[in-house]
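Per this note's numbering, the sequence shown starts with residue 40, numbered consecutively.
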Amino acid sequence: MASTGALGVRGLAGGTLMGLANLVPGISGGTMLVAAGIYPRFIGAIAELTGLRFSREALVLLFSVVGAAGMAILLFAGPIKTLVVDHRWVMYSLFIGLTLGGVPALWRMLDRRCTDVIGYVIVGLIAMAVVALLQSDPNAGSQREGFVFLLLAGIAGSAAMILPGISGGYLLIVLGVYVPILAGIADLKS
40 MASTGALGVR GLAGGTLMGL ANLVPGISGG TMLVAAGIYP RFIGAIAELT
90 GLRFSREALV LLFSVVGAAG MAILLFAGPI KTLVVDHRWV MYSLFIGLTL
140 GGVPALWRML DRRCTDVIGY VIVGLIAMAV VALLQSDPNA GSQREGFVFL
190 LLAGIAGSAA MILPGISGGY LLIVLGVYVP ILAGIADLKS
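Structure representation (structure tokens):
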């Protein structure tokens with residue numbers, strides 16, 4: 040078992056990567072914790088905390104990951120929002136490319152004998168098409184910036200951010216609140 044200090048350093052590295060990944064749609068913050076080798080411990084630490092058990096190791100890991108992710112988000116939300124607003128299609132093309140870049144890895148992990156996967160893929164594609172059709176106006180998010188909607192979108196995005204393979208930033212784009220939320224985070228620094 041790693042020492043608490045070493046775990047804290049890995050937590051800082053993983054948290055920084057997680058924060059950056061959560062700003063870029065198509066990259067999963069949870070996957071960054073997997074890459075840093077701390078995802079199982081991170082989920083275990085959350086379980087300990089929700090079970091009202093407060094071990095030193097769990098607290099160090101949670102504070103280092105959450106603190107580093109928060110700092111990365113605060114520091115880079117403004118520049119990324121500016122890039123998305125000023126170079127929308129270039130950035131969205133980058134995000135789509137990053138998302139599609141993960142397909143070969145998913146394909147290799149796929150159990151070829153499992154025919155249920157085809158149904159899941161079809162359901163996912165249909166859901167994606169429905170959401171895209173419902174949000175035909177690229178500025179549709181500006182009509183949905185009410186407090187309750189932004190709160191629910193933030194909760195959904197936050198939940199997605201810790202799951203490997205699910206991009207919280209992409210979910211925010213689908214919900215039409217990616218730019219308003221980045222702008223709000225950037226405004227916190229002002």
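Even for Gly, the Cβ is constructed at its ideal location relative to N, Cα and C.
- Under the criterion of beta carbons closer than 8 Å, L51 and S94 do not qualify as touching, at roughly 19 Å.
- Three or more Cβ pairs closer than 8 Å define a contact, and the region 101-116 falls short of that threshold against the region 203-218.
- Taking 9 Å as the cut-off, the beta carbon of L62 is found closer than this to the beta carbon of F115.
- In the displayed model, P64 falls within coil according to three-state DSSP, outside both helix and strand.
- S197 counts as exposed, since fewer than 16 other beta carbons sit within 10 angstroms of its beta carbon.
- Looking at K228, I82, V216, the one whose alpha-carbon comes closest to that of G185 is V216.
- Excluding its 5 nearest sequence neighbours in each direction, I201 has C-beta neighbours in its own chain below 6 Å: G69, listed in chain order.
- Taking 9 Å as the cut-off, the beta carbon of I85 is found closer than this to the beta carbon of L101.
- Non-local C-beta neighbours of E87 in its own chain, meaning closer than 8 Å and more than five positions away in sequence, comprise F93, S94, A97, ordered along the chain.
- In the DSSP assignment, I224 falls within the alpha helix (DSSP H) that extends over 217-227.
- Secondary structure of G106 (DSSP, three-state): helix.
- Taken through DSSP and simplified to helix, strand or coil, R92 comes out as coil.
- Distance from I66 to A60 at the Cβ level is roughly 4 Å; contact confirmed, criterion being Cβ atoms closer than 8 Å.
- Taking the C-beta atoms as reference points, Y131 is found no nearer than 9 Å to I77.
- Comparing alpha carbon positions, the residue from Y209, L190, P118, G163 closest to D226 is P118.
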